[in-house]
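As structure tokens, the structure follows; a few thoughts come after it.
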Ligand code: ADP
Ligand code: ADP
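Residue numbers (UniProt numbering): 3 to 226.
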């Protein structure tokens, strides 16, 4: 049984834009899945639906066989999302940012857990810094720490390396691999083939709202 089963997912936005035209996709437990496609293909819409931020027009999402809408609260706490934009308070400290995010999910305050997450992301030395004092790369790390604060086992990363320099990109790749080694299932979107190739176990290619290819990275790359 797949961890997440996406069936017949369609999304038409209020203005008539058909962002998804019937996507079926199974996500396996423990994998790194890259959703590869150009801007406007529907990648963000897809992950936002699975994360419960956008409502689908048609279709369903099952998590471990159960319809996720019927079990929203339980499923939502298993999911972490790192959106493209920065959603942190410039005047908040790194530690408070992560700690607060944990609280939002109704998890008990646990300073040791927050410390552990900050250390894993090499943010411990920066815990007292305010967000506005950090470099772009560090801010991205905080966004990941924030998404991990409630200890989800499924992590979605929307374009984690868009506009990021080469060094930081490698850093992100290492981070994602570490997360997977810890047992987290990772789904990321990207428009860099190179990134999908480097990071993912499987790659799904999305074009104009459709999943046009899905497969083992090596098999897929050989076709391209
Ligand atoms: P829904 O159908 O899910 O309610 P809407 O079409 O009402 O979505 O749009 C939600 C918001 O996103 C609106 O504020 C809209 O202006 C904005 N929006 C419209 N087009 C785009 C776009 N291409 N990319 C991102 N946001 C958009
Ligand atoms: P990607 O992440 O692959 O760039 P998106 O899911 O952001 O693709 O967008 C898919 C399509 O839906 C695009 O045509 C985009 O302009 C449109 N779109 C995204 N969000 C909205 C919105 N809120 N309202 C209307 N159209 C949107």
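Ideal placement from N, C-alpha and C gives every residue a C-beta, glycine not left out.
As the structure is a computational prediction, the values presented were derived from the model and not from experiment.
(1) Between residue 96 and residue 65, how many whole angstroms is the CB-CB distance? I'm expecting something under 8 angstroms.
(2) Just list the beta strand (DSSP E) runs in the region 155 to 222, keeping only unbroken ones of 3 residues or longer that don't cross its boundaries, in chain order.
(3) I need the boundaries of the beta strand (DSSP E) containing residue 21, first residue and last residue.
(4) Using a Cβ-Cβ cut-off of 6 angstroms (strictly less than) and excluding sequence neighbours within five positions of residue 51, which residues of its own chain qualify?
(5) Kindly examine ligand 2 and report whether one of its heavy atoms sits closer than 7 angstroms to the Cβ of residue 23.
(6) Does DSSP put residue 3 in a helix, in a strand, or in coil?
(7) In this structure, does DSSP put residue 83 in helix, strand or coil?
(8) Within a Cβ cutoff of 6 angstroms, which residues of the same chain sit near residue 13, ignoring the five residues on either side of it in sequence?
(9) In whole angstroms, give me the CA-to-CA distance for residue 135 and residue 69.
(10) Between residue 215 and ligand 2, is the CB less than 7 angstroms from at least one heavy atom?
(11) From residue 37 to residue 103, what does the alpha carbon distance come to, in whole angstroms?
(12) Just checking my contact of residue 25 with residue 11 at CB under 8 angstroms: how many whole Å lie between their CB atoms?
(13) From this set, 62, 188, 184, 183, which residue's C-alpha is nearest residue 161's C-alpha?
(14) Would you report the Cα separation of residue 78 and residue 84, rounded to the nearest angstrom?
(15) Taking 8 angstroms as the cut-off, does the region 174 to 187 touch the region 109 to 121 (at least 3 CB pairs, one atom from each stretch)?
(16) In the DSSP assignment, find the unbroken alpha helix (DSSP H) run with residue 52 in it and report its ends.
(17) Report yes if the C-beta of residue 206 is less than 7 angstroms from at least one heavy atom of ligand 2; otherwise report no.
(18) Could you spell out where the beta strand (DSSP E) holding residue 37 opens and where it closes?
(19) Does at least one heavy atom of ligand 2 sit under 7 angstroms from the Cβ of residue 109?
(20) Would you say residue 115 touches ligand 2, meaning its beta carbon is less than 7 angstroms from a heavy atom?
In brief:
(1) As a working mapping, residue 96 is identified with position 94 in the chain shown. As a working mapping, residue 65 is identified with position 63 in the chain shown. Not a contact, Cβ separation roughly 31 angstroms.
(2) 156 to 160, 187 to 192, 204 to 209, 212 to 218
(3) As a first step, residue 21 must be located in the chain shown, where it is residue number 19. That run of the beta strand (DSSP E) goes 20 to 29.
(4) Counting from one through the chain shown, the residue named residue 51 turns up at place 49. Excluding residues within five positions, the ones whose Cβ falls inside 6 angstroms are 58.
(5) Your numbering for residue 23 matches position 21 in the chain shown. False, no ligand heavy atom lies under 7 angstroms from that Cβ.
(6) Taking the first residue of the chain shown as 1, we reach residue 3 at position 1. Three-state result, residue 3: coil.
(7) In the chain shown, the residue the question calls residue 83 occupies position 81. Residue 83: strand per DSSP, three-state reduction.
(8) Looking up residue 13 in the chain shown gives position 11. Excluding residues within five positions, the ones whose Cβ falls inside 6 angstroms are 21, 22, 47, 58, 59.
(9) Locating residue 135 in the chain shown gives position 133, counting from the first residue. Locating residue 69 in the chain shown gives position 67, counting from the first residue. The straight-line gap from Cα to Cα measures roughly 42 angstroms.
(10) Residue 215 sits at position 213 when you count from the first residue of the chain shown. Not so, every heavy atom of ligand 2 lies at least 7 angstroms from the Cβ.
(11) Translated into positions along the chain shown, residue 37 becomes position 35. Translated into positions along the chain shown, residue 103 becomes position 101. Each residue's alpha carbon lies about 26 angstroms from the other.
(12) Here residue 25 corresponds to residue number 23 of the chain shown, with the count starting at 1. Here residue 11 corresponds to residue number 9 of the chain shown, with the count starting at 1. 4 angstroms between Cβ atoms; contact.
(13) Position 159 of the chain shown holds residue 161. Closest option to residue 161, Cα to Cα, is 188.
(14) For the purposes of this step, residue 78 is taken as residue 76 along the chain shown, with counting starting at 1. For the purposes of this step, residue 84 is taken as residue 82 along the chain shown, with counting starting at 1. Between residue 78 and residue 84, the C-alpha separation is close to 14 angstroms.
(15) no
(16) Numbered from 1 along the chain shown, position 50 holds the residue referred to as residue 52. Counting along the chain, the alpha helix (DSSP H) containing residue 52 begins and ends at 45 to 52.
(17) On the chain shown, position 204 is the one that residue 206 refers to. No, since every heavy atom of ligand 2 falls outside the 7 angstroms radius drawn around the Cβ of residue 206.
(18) Position 35 of the chain shown, counting from 1, holds the residue named residue 37. Here the beta strand (DSSP E) through residue 37 covers 34 to 38.
(19) Counted from its first residue, the chain shown places residue 109 at position 107. Answer for residue 109: no, Cβ out of range of ligand 2.
(20) Your numbering for residue 115 matches position 113 in the chain shown. Result no, Cβ not under 7 angstroms from ligand 2.
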